[in-house]
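**Q**
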Amino acid sequence: MRQADPSPRKPRRQITLPGSGVVPGIAIGPIAFAAEPKLEITRQKIAAADIAAERRRLDEAVVRARQQLIKLRARLAHLPEESEGELGPLLDAHVHMLDKSRLMRAIYAAIEEKLVSATTAVLDVSEAQAASILQSPRAGTDDSGAAARQAEEVRELGRRLLRNLIHLPFRSFAGLPPGSLLVADALRPADAALIAPDHFAGIITEEGGDVGHTAVMLRAIGIPAVLGVNGLIGAAREGSLAVLDGTTGQITLNPGPRLLADAAQSRTRFASAQRGLARLRRLASTTADHLPIELQANIELPFELPMVVRSGASGVGLMRTEFLFMNRDSLPDEATQLAIYRDTIEAMDGDPVTIRLLDWGSDKEVEALVAAGLVPQTREENPALGLRGVRLLGDAPMVLETQLAAMLRAAVYGPVRILIPMVCRPREITLVRDAMDRVWHRLEAEHVRLPATKPPLGVMIETPAAVIAGATLARYADFFAIGTNDLTMYALAADRGLPARFGLYDALEPPVLRLIAMTVAAGDVAGIPVSLCGELASRPEAAPLLIGLGLRSLSMHGGAILRVKRVVRSVTLSRCEALAAAALGASEASTVHDLLDAYK
Ligand code: PEP
Ligand code: MG
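For the sequence shown, this note's numbering gives the first residue as 7, with consecutive numbering after it.
1. Mind checking whether the beta-carbon of leucine 143 lies closer than 7 Å to any heavy atom of the ligand MG?
2. Output needed for tyrosine 419: all residues of its chain with C-beta closer than 7 Å, excluding positions within five of it in sequence on either side, in chain order.
3. Could you name the residues that DSSP lists as bridge partners for valine 28?
4. Using three-state DSSP, classify serine 596 as helix, strand or coil.
5. Quick one: complete beta strand (DSSP E) runs, 3+ long, within the region 394-477?
6. DSSP state of alanine 483, grouped into three classes?
7. Could you say if the region 574-582 and the region 547-565 meet the contact criterion of at least three C-beta pairs nearer than 8 Å?
8. Report yes or no: do the region 373-392 and the region 428-443 share at least 3 C-beta pairs separated by less than 8 Å?
9. Is there contact here, the region 281-300 with the region 66-80, by at least three beta-carbon pairs under 8 Å?
10. Quick one: is asparagine 260 buried, meaning 16 or more other Cβ sit within 10 Å of its Cβ, or exposed?
11. Between which two residues does the beta strand (DSSP E) harbouring methionine 524 extend?
12. Which partner residues does histidine 563 have in the DSSP bridge list?
13. Please confirm whether leucine 97 and arginine 72 have their CB atoms less than 8 Å apart.
14. Specify the secondary structure class of arginine 49 as computed by DSSP and reduced to three states.
15. Glutamine 141: buried (16+ other C-beta within 10 angstroms of its C-beta) or exposed?
16. Count the other CB atoms within 10 Å of the CB of proline 263; is the residue buried (16 or more) or exposed (fewer)?
17. Name the one or two DSSP bridge partners that proline 298 has.
18. Using only the heavy atoms of the ligand PEP, determine whether one of them is closer than 7 Å to the beta carbon of aspartate 492.
19. From what residue to what residue does the alpha helix (DSSP H) around glutamine 607 run?
20. Output yes or no for whether 8 Å exceeds the beta carbon distance between isoleucine 209 and isoleucine 229.
21. I'd like to know if the region 530-543 and the region 582-601 are in contact, where contact means that at least 3 CB-CB pairs between them fall below 8 Å.
22. Mind listing, in chain order, the continuous alpha helix (DSSP H) runs of no fewer than 4 residues lying wholly within the region 180-212?
23. Going by DSSP, name the residue or residues bridged to lysine 370.
24. Keeping to the same chain, check which residues put their C-beta closer than 7 Å to that of serine 576; ignore five residues upstream and five downstream.
25. Out of Val396, Pro389, Leu363, point me to the one whose CA is closest to leucine 410's CA.
26. Taking all protein chains shown into account, decide if leucine 85 is buried (16 or more other Cβ within 10 angstroms of its Cβ) or exposed.
27. Are the Cβ atoms of arginine 61 and isoleucine 117 separated by less than 8 Å?
28. Helix, strand or coil for isoleucine 361 per DSSP?
29. Could you pull out every residue in the same chain whose Cβ sits closer than 6 Å to the Cβ of alanine 532, ignoring the five residues on either side in sequence?
30. Should glycine 215 be counted as a contact of the ligand PEP given a C-beta to heavy atom distance under 7 Å?
31. Let's see if you can read the secondary structure: which residues bound the alpha helix (DSSP H) around alanine 499?
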């Protein structure tokens, strides 16, 4: 969280910092820090029977608060020494207050004795204690400044607990100046979903890598963005000018006149190159030797639809449905989902739309499920390895069946394929197929209009287990969609949100390429279609390699389709296959990068 500017004496000299460019483009503008949204709390009484549950809710909020404070503490290392010296003890005091303090004892006691909700208890007790500190005899003496600070600390910790209790998105963006560069320490995918596409010139964060779900969201929004900029929060100043280059991944704070002039020129060049791509829209997506390569779009948020249609995508290879469940505290019903699926299907005008079942978990937090009590409030120790994707759907049949019903009803408006996330075992496919049969029969009995046949049911191949069991899974699934974002993470044991500078997460590592080749082979043997819809598909330089690995269908964010098409039209199958053979034989990703550079 960004609080008051901790360092009023930061130098204003030009500083360039590297990060991961996740959305190409140049942006110039003043810096605006992400602000916290307003807390709106309703006071509530509870029944005696609910005391234990409210105490548990508070326990979980305390655990989260402690994790957040420890993380903030670690980040202070990037600040100038005097700021670290000022802020460090404050954060330590907050952690200490969470452990044992009059404040926490009184909050727990209020739940039990006054029979109020955890939220009410935190609000009332922190306000009362802050007020009593301000009225203490000390407050009227020379020590009044210290008393005011102490009261503010109590309130600040109270606000942190309240945010965690009500799962309030951390950020609010609407009030920030239009045309500015949004700067944040970190953005959750749900925060990113709140950003209006035309509001900011660019987005920069200190945390995050180029394949995390936040990066995926930002590509959907299409604003130039650089994530994972080490030292950003310590060096940036609210309102001062900065330049962001989403192609190289560099940001420059306090740019001098020379750099500003160059950046303005690059921005014009980038815009005209984008316009130049438009002529490719109507041209076929075939290699120079006439091999058709299907280029489809990933859809993350509904407002991408017009851009996807303009991109000339031949269908939607992956419609993520997490957005339907984000930033809300109730589950979307069948009608709400149907309306959105139908809009997409109709917009694609006869081209297939692949809709994925909810992939909750890991870095994709979904408030509605927590609020509905379907998943625990506390994050799992290892969220990427826990209850996510189809595993959660197995535990939440209502969510699964509502979603399937909306998809089946939507399938009368055009061709639909249904995709299951995070599959490792055949029984996870049968679970969904059985649910689909049940829903189909129910809808038939209710005389709901349905398509002539059930939509194909496919699986994401995004775990090493799914690749290894490919031949078996192919007997249960109608198609495969390779998710290299997660496949890379699970194969290399490297979080997809890790900044690129660590060099641990790279979809071009030869073992990952071999997993892709194995999946293509398993699909070919079984005679089922295989596509690739991870972020790797969006990288134009990777297109020859993917074609060489045997892929004929790629799905990517809409903004990448024409750039990838330009490369596809320039390659020949034999050269692609030679490239893939060399990459598969390489021992490290760096060699694969060199091979791709040499191919250009
Ligand atoms: C993937 O894992 O590659 C994928 C496409 O799914 P997501 O990024 O939504 O996890
Ligand atoms: Mg995935």
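Note that beta-carbon positions come from the ideal geometry of N, C-alpha and C, so glycine has one too.
**A** Let's see:
1. The question names leucine, yet the displayed sequence has proline at residue 143. Not so, every heavy atom of the ligand MG lies at least 7 Å from the Cβ.
2. Arg348, Ile351, Glu352
3. DSSP, once it has assigned bridges, lists no residue as partnering valine 28.
4. helix
5. 422-426, 463-467
6. coil
7. yes
8. no
9. no
10. buried
11. Unbroken run through methionine 524 is the alpha helix (DSSP H), 516-532; no beta strand (DSSP E).
12. Asn304
13. no
14. coil
15. exposed
16. exposed
17. Paired residue(s): Thr292.
18. Yes; taking the cut-off as 7 Å, the Cβ of aspartate 492 has a heavy atom of the ligand PEP nearer than that.
19. Because residue 607 is not part of the residues shown, which for the chain are 7 to 606, the question remains open.
20. In this structure, isoleucine 229 lies closer than 8 Å to isoleucine 209 by Cβ.
21. no
22. 195-198
23. Paired residues: Gly367.
24. Contacts found: Ala294.
25. Between leucine 410 and the set Val396, Pro389, Leu363, the nearest pair of CA atoms involves Leu363.
26. Because the pLDDT at leucine 85 is just 48, under 50, the model does not fix this residue reliably, and the value given afterwards should be weighed accordingly. Result: buried.
27. yes
28. When DSSP states are grouped into helix, strand and coil, isoleucine 361 belongs to the strand group.
29. Ala480
30. no
31. Run containing alanine 499: none; DSSP gives neither H nor E here.
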